[in-house]
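Trainee: There's a structure below that I have some questions on.
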Amino acid sequence: MSAEFADTNVVLYLLDDGPKADRAEVILGQGRRISVQVLNETLVNCRRKAGLSWEEAGAFLEGIRALCPVEDLTIQTHDVGRALAERYGFSIYDAMIVASALVAGCTTLWSEDMQDGLLVEGQLRIINPCRVWFPISIEAVS
Numbered sequence: 001m002s003a004e005f006a007d008t009n010v011v012l013y014l015l016d017d018g019p020k021a022d023r024a025e026v027i028l029g030q031g032r033r034i035s036v037q038v039l040n041e042t043l044v045n046c047r048r049k050a051g052l053s054w055e056e057a058g059a060f061l062e063g064i065r066a067l068c069p070v071e072d073l074t075i076q077t078h079d080v081g082r083a084l085a086e087r088y089g090f091s092i093y094d095a096m097i098v099a100s101a102l103v104a105g106c107t108t109l110w111s112e113d114m115q116d117g118l119l120v121e122g123q124l125r126i127i128n129p130c131r132v133w134f135p136i137s138i139e140a141v142s
């Protein structure tokens with residue numbers, strides 16, 4: 001089981017060119033976990049911001065699902081997320097992603113949008129992938 005989890009922004013980097021896309025390929029190519037919340041947010045962004053058709057967005061999501069194990073949203077996830085939103089001040093949507101990572105037993109959450117370096121519940125460290133140097137070449141992941 002991967003002890004690392006990826007936020008929506010990491011998945012969306014794949015739609016861009018440049019260093020962020022390269023980092024996303026390294027992170028996601030190593031089978032990082034994601035949640036149904038990440039899939040939902042990715043779909044919204046694929047349609048609204050990237051202008052993808054339903055078919056194109058669906059194909060993109062299928063590719064992500066083939067790479068990354070997906071954590072379900074459950075009542076447990078909801079309860080943990082609600083408590084995290086209150087305790088840490090996360091938006092409810094971010095809290096559900098953090099909760100999914102915690103419930104899955106992950107120790108790292110890759111996210112550009114949350115507080116870099118924050119340790120959540122003594123278990124999960126949030127790391128901004130744009131602030132970390134990746135020594136792994138893209139070819140090594142392929």
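Each residue of the sequence shown is one higher than the one before, counting from 1 in full-length UniProt numbering. Just so it is clear, CB atoms sit at the ideal spot from N, CA and C, and this is done for glycine as well. Every value quoted in this text rests on a predicted model; they were computed, and no experiment measured them.
Closest to C46 by CA distance: which of I34, V80 and L14 is it?
Mentor: Among I34, V80 and L14, the Cα nearest to that of C46 is on L14.
Trainee: Cα separation between C68 and E4?
Mentor: Answer to the nearest angstrom: the Cα atoms are 10 angstroms apart.
Trainee: What span of residues does the alpha helix (DSSP H) with T108 cover, start to end?
Mentor: Unbroken run through T108 is the beta strand (DSSP E), T108 to W110; no alpha helix (DSSP H).
Trainee: Start and end of the alpha helix (DSSP H) containing E121?
Mentor: No alpha helix (DSSP H) holds E121; DSSP gives it neither H nor E.
Trainee: When the Cβ atoms of the segment 47-57 are set against those of the segment 117-124, are three or more pairs found closer than 8 angstroms?
Mentor: With a cut-off of 8 angstroms, the segment 117-124 and the segment 47-57 do not count as touching, because too few Cβ pairs lie within range.
Trainee: Taking all protein chains shown into account, decide if W110 is buried (16 or more other Cβ within 10 angstroms of its Cβ) or exposed.
Mentor: With 16 or more other Cβ atoms within 10 Å, it is buried.
Trainee: Please list the terminal residues of the continuous alpha helix (DSSP H) segment that includes A99.
Mentor: It spans I92 to V103 - the alpha helix (DSSP H) in which A99 sits, taken as one unbroken run.
Trainee: In or out: D16 buried (at least 16 other Cβ within 10 Å) or exposed?
Mentor: The residue in question, D16, is exposed, as its Cβ has fewer than 16 Cβ neighbours within 10 Å.
Trainee: Extract the residue ranges of the alpha helix (DSSP H) inside the segment 1-32, only unbroken runs of 4 or more that lie entirely within it.
Mentor: The qualifying runs are 8-13 and 19-29.
Trainee: Based on Cα-Cα distance, which residue from A24, G63, W54 and Y93 lies nearest to Q37?
Mentor: Per the Cα distances, Y93.
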